[in-house]
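J.: Take a look at the following structure, please.
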Amino acid sequence: MPITANEFQLAARIWLPLAEAGDPLSQFGMGTLYHEGMGVPVDLTESTYWFHRASEQGLAEAQYNLGNAYKHGEGVGQSEAMAAHWWQKAAEQGFAPAQFNLGTALMFGRGVQQDETAGLDWYRKAAAQGHEKAQAS
């Protein structure tokens, strides 16, 4: 049964005060709602704001999303260096998608100095967790 717009609006009403109070999972939730326009209008600046707040508290999923926002310039100025910075924080916590993205950044020198050995290392870590693209690389 799909989630309805009313349920996303309810989630936003519940998560917002928790996010404002500093709860990183609620901050991540708000970032996701604003990014996807679920229960709230799409607002990439607001999305990135919430991902950043959760990232500063060490939430790997938020760090990964914040890295993606910097890579694509969604709600922030485009910066491959900042993308790699946040992916590294998430990768160091074992978050496979971030390990793959960081590996790619290192392989091609995107936002970091090119280091194919380190890039392959991150690919291997992601592959060991079942990340399909890393396994194919």
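In numbering that gives the first Met the number 0, the protein residues as written are 0 to 136.
Backbone N, C-alpha and C define an ideal beta-carbon position, used for all residues, glycine too.
Note that the structure is predicted; figures quoted are calculated from it, not measured.
(1) Contact defined as beta carbons within less than 8 Å: I believe residue 101 pairs with residue 87. What is the distance between those atoms, to the nearest angstrom?
(2) Specify, as a first and last residue, the run of the alpha helix (DSSP H) that residue 29 falls within.
(3) Let me know the alpha helix (DSSP H) ranges lying completely inside the segment 39 to 90, each 4 residues or longer, listed in chain order.
(4) Looking at the secondary structure, which residues open and close the alpha helix (DSSP H) in which residue 93 lies?
(5) Are residue 85 and residue 46 close, meaning C-beta to C-beta below 8 Å?
(6) In the DSSP assignment, find the alpha helix (DSSP H) that holds residue 1 and state where it starts and stops.
(7) Going straight from the alpha carbon of residue 79 to that of residue 108, what length do you get?
(8) Taking the alpha carbon of residue 28 as the point to measure from, which residue in 20, 49, 43 has its own alpha carbon closest?
(9) Between residue 138 and the rest of its own chain, which residues show a CB-CB distance below 6 Å, the 5 nearest in sequence each way excluded?
(10) Tell me the rounded alpha-carbon separation between residue 63 and residue 89.
T.: If we stick to the structure as given:
(1) With a Cβ gap of about 5 Å, residue 101 and residue 87 count as contacting.
(2) Its alpha helix (DSSP H) spans residues 23 to 35.
(3) The alpha helix (DSSP H) runs lying completely inside the segment 39 to 90 and spanning 4 residues or more are 43 to 55, 59 to 71, given in chain order.
(4) From DSSP, residue 93 is part of no alpha helix (DSSP H); its letter is neither H nor E.
(5) Inclusion of residue 85 and residue 46 in the CB contact set at 8 Å is not warranted, their separation being larger than that value.
(6) Per DSSP, residue 1 belongs to no alpha helix (DSSP H) and is neither H nor E.
(7) Cα to Cα, the separation comes out at about 10 Å.
(8) The shortest Cα separation from residue 28 among 20, 49, 43 belongs to 49.
(9) This structure cannot speak to residue 138, because the chain is shown only from 0 to 136.
(10) Going from the Cα of residue 63 to the Cα of residue 89 covers about 6 Å.
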